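Here is the structure we will look at.
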Amino acid sequence: MQLLQLLLPLLVLVCIPLTIAFEIQDTLNIIHDVDVIARAVRSHIEDLGAKTGDTDINNIQDNHNNVLEHFKAVDKLINQARMNYSHFGTHIVESISDFIVDDVLATIQINEITHAINKISMRYDQIVAYEARKESLEINTLISFAEWAALPSAESVQHSMERLGFTLFGRIQNATDFKPTSRILVNRIMKSYEESLQQRCSTRLSPQQFLYSLYAEIALIELKGYTLMEFSTMILRVSDLGNFINETELFRLNHKKRTEHALNVLRHEMQQADRSFWRCDPPEHVAKVTYDEVTRLLQGYIENEDGLNADRTCKRTCDAYQDTRVSGCISDSFCSSQPQCSGRVHDCRFIDSKMWVCQSPQMSTRRYEYIQYENGQDLGHRKACGRGTNKVDSWWRWLFWHCSFCFCLCDEQSTKSDRYFNLRETVSDVEANKVVTGVRIIKKNRIFHLQIQQGQLLPRGVINESTVHWKPVHDYYISGWNVKQGVDYHAMSYHSRAIDLGDVDNRNDVSFVVTGVQFVLINGKLKLRVVFSKFDFESGKVMGSDWLSIRTISGEQLNLQNLDIPTLSGASSKVLSNGYQHLKFVNTGVQKDAAQTTIPFIDIQDVVASHSTPLHGIGIYYKGTPGYGGFIAPKIINYDYSPHIGMPITQP
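Residues -21 to -1, 1 to 631 in mature numbering (1 follows the signal peptide of the UniProt record, and there is no 0) are what the sequence shown lists, from first letter to last.
Below you can see the structure in the form of structure tokens.
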């Protein structure tokens, strides 16, 4: 009966359908499951001890078979646990050598860990093979294997387990006098992973998630080693080679100490680990798939001084026109050959009197492909001009006034200008106990929206994977009935085009999770607002009361002047914003692109980690490469599980 009670959680574990996060288990349950399986191992051993009693040499073969039958039952549980946690990532230990390249000591230690893991795995696979052929095994074969695995030596499983734990987690300390140190390998692994952009891109795990995935892999190896020790010792007992009671108590005590220490280290390191996740550049930038653009917000525009003032005079210089409108056009002038700027005209300057202008195709959001001045200056990237170039000359009026062509910036709301950001709140279906698990920016009906991925929250921070989906965004048009600028959407302009960068993270309270997001407009700036809802960790129940966080810090402005089109860069973007800063959407450089493109671009990739978790925050950041306009993008901050890490619920 006692054995049945101990195995009941494992029988339930095996029978649950594979539809919940991480196949069937929550983020922390591997700690509990490993403990349950270890207790099941001890129960099998006690059951075997009770059945075998005094060993008769004539019954050794039967005793061996009985031990292996019990081992087979435990092996099924271990394999089930391994499959359940495959979503944490596989071959995590092997991947470490990919990003720890400059730390010679760490490289040596990783090799030691790999050697210990391989040794334990090979011994475990060997006993699995013996179990499959148990009827034809020689008695001495299994005895020799058990002695090799269990008895003290440099090649024993016990020694490999001790080396594995010591190398990764450091010297064993009691919980009462535990003192973390940055010298232990697991700490250096975490810091190297945080600094490795390529590795974070490939694994799609936050540093805290990576750290826990590493622990999950090591815990399963430790479980295999412990199982080997228990069953190898039992093989020696039923072979009439001793009772090994003291030896068994000793390695059980050592196993418990290693587990306690590893969990203390894990908790401490997870508390320090970064929990943010963002998307790196795709292998190839594809418009409308991996990125989108604000279009024609501020765009290079050529206009004669004659058309920049209501008096239609040429008595001033281009620099005098910093905020004006186009007032008219001379019929045989260049202005009659191009689309007129119907909005405000800003920041005019004089470059040269004569130029050749290559206008863009009519359906393009650009006005010009390039401009070539007589003085040798080129604006933009020169190439074959499909529409042919327009020769543009300034002229003299009454011999006294020079009517110069100015290069300005056009701020014009038109059907070609997508400059709108949704201001409506986007909230998860809290009534169905759903929380935010991911985020992305999409453009719908020319309006940029923050879209949320949501999923049902289950007990202990689990997300029900079968419920995870993207919630549709608000479907409206800026011209729709009762749709108001400044209420439903924000229209960017020369004087209102800034966005705040940084994180909104309920850092100090793990009783809240993210249930909504929103862009809000404060003093002409877009700011990120995040909706947090209180929840009960053990039950997973999301409470009805919400707490809203509005970040009010603006910080310094990032300089995006004179940059080129982001997608022309051949290098991978790096995060260039730092903390609470802000940027303004601007035009590309005049020389580099004739100021034809609005930057930064917007990364529209899904921001979702490789396995779903509730979120503790969301941020907006800027990434790019030197000389290019870069991208803004959202990031997610995973829920902090570290306060919930402790010894397993049930103890031996």
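Think of the CB as a built atom: it goes at the ideal place given N, C-alpha and C, for glycine as much as any other residue. Predicted model only: the values in this text are computed from it and were never measured.
Can you look up residue i in the DSSP assignment and give me helix, strand or coil?
{"i": "S445", "result": "strand"}
{"i": "R167", "result": "helix"}
{"i": "L202", "result": "helix"}
{"i": "A574", "result": "coil"}
{"i": "M342", "result": "coil"}
{"i": "T6", "result": "Here T6 scores only 48 on pLDDT, less than 50, and its place in the model is too uncertain to base an answer on."}
{"i": "C389", "result": "strand"}
{"i": "A(-1)", "result": "The predicted position of A(-1) is uncertain, since its pLDDT is 29 and thus under 50; a value taken from the coordinates is nonetheless stated next. Coil, per DSSP."}
{"i": "M140", "result": "helix"}
{"i": "I597", "result": "strand"}
{"i": "H428", "result": "strand"}
{"i": "I624", "result": "coil"}
{"i": "D271", "result": "strand"}
{"i": "Y455", "result": "coil"}
{"i": "F78", "result": "coil"}
{"i": "D12", "result": "helix"}
DSSP puts residue i in a beta bridge; with which residues?
{"i": "M334", "result": "Y352, V371"}
{"i": "Q540", "result": "Paired residue(s): none; Q540 is not in a bridge."}
{"i": "N477", "result": "Residue 477 is actually Ala in this sequence, not Asn. BP columns for A477 point to K504, K563."}
{"i": "T405", "result": "V496"}
{"i": "H381", "result": "W375"}
{"i": "V462", "result": "Answer by DSSP bridge pairing: none, since V462 is not bridged."}
{"i": "I309", "result": "Note: I309 sits in no beta bridge, so no partner."}
{"i": "Y468", "result": "N401, Q464"}
{"i": "S316", "result": "BP columns for S316 are empty, so no partner."}
{"i": "F514", "result": "V521"}
{"i": "A266", "result": "Y270"}
{"i": "L436", "result": "I442"}
{"i": "F491", "result": "K513"}
{"i": "S255", "result": "I616"}
{"i": "G603", "result": "K553"}
Within the continuous beta strand (DSSP E) that includes residue i, where are the two ends?
{"i": "V586", "result": "Neither: V586 is in no beta strand (DSSP E) and is coded neither H nor E."}
{"i": "G359", "result": "357 to 359"}
{"i": "R419", "result": "413 to 423"}
{"i": "R304", "result": "302 to 304"}
{"i": "I616", "result": "610 to 617"}
Run the CB neighbour count on residue i, radius 10 Å, all protein chains shown included, and call it buried at 16 or more, exposed below.
{"i": "F564", "result": "buried"}
{"i": "L184", "result": "buried"}
{"i": "V53", "result": "buried"}
{"i": "Q112", "result": "Per the sequence shown, the amino acid found at residue 112 is Arg instead of Gln. Exposed is the call here."}
{"i": "S556", "result": "buried"}
{"i": "T292", "result": "exposed"}
{"i": "L277", "result": "buried"}
{"i": "I545", "result": "The sequence as given places Pro at residue 545; Ile does not occur at that position. Buried is the call here."}
{"i": "W257", "result": "buried"}
{"i": "A108", "result": "exposed"}
{"i": "H474", "result": "exposed"}
{"i": "I99", "result": "buried"}
{"i": "T394", "result": "exposed"}
Give me the Cα-Cα distance between residue i and residue j, rounded to the nearest whole angstrom.
{"i": "A195", "j": "W449", "result": "29 Å"}
{"i": "D331", "j": "S321", "result": "24 Å"}
{"i": "N225", "j": "N233", "result": "12 Å"}
{"i": "E2", "j": "A470", "result": "Here the model assigns E2 a pLDDT of 33, short of 50, so the residue's position is not dependable, and the following value carries that caveat. Answer to the nearest angstrom: the Cα atoms are 44 Å apart."}
{"i": "W375", "j": "R328", "result": "18 Å"}
{"i": "G204", "j": "K170", "result": "28 Å"}
{"i": "V217", "j": "I122", "result": "10 Å"}
{"i": "L455", "j": "N424", "result": "Here the sequence assigns Tyr to residue 455, which means Leu is not the residue at that position. Going by the C-alpha atoms only, they are around 7 Å apart."}
{"i": "C385", "j": "N283", "result": "6 Å"}
{"i": "L147", "j": "S175", "result": "20 Å"}
{"i": "I92", "j": "R142", "result": "8 Å"}
{"i": "F189", "j": "R254", "result": "10 Å"}
{"i": "K506", "j": "E209", "result": "59 Å"}
{"i": "L480", "j": "A289", "result": "40 Å"}
{"i": "S552", "j": "Q178", "result": "14 Å"}
{"i": "R21", "j": "D260", "result": "50 Å"}
{"i": "I57", "j": "S181", "result": "28 Å"}
Which residues bound the alpha helix (DSSP H) around residue i?
{"i": "R231", "result": "224 to 251"}
{"i": "R328", "result": "Premise fails: R328 lies in the beta strand (DSSP E), 323 to 328, not in any alpha helix (DSSP H)."}
{"i": "Q105", "result": "83 to 111"}
{"i": "Q40", "result": "39 to 63"}
{"i": "I151", "result": "Here I151 belongs to no alpha helix (DSSP H), and DSSP marks it neither H nor E."}
{"i": "E282", "result": "Segment 278 to 283 is the beta strand (DSSP E) holding E282; no alpha helix (DSSP H) there."}
{"i": "A129", "result": "118 to 129"}
{"i": "E73", "result": "71 to 75"}
{"i": "R179", "result": "176 to 182"}
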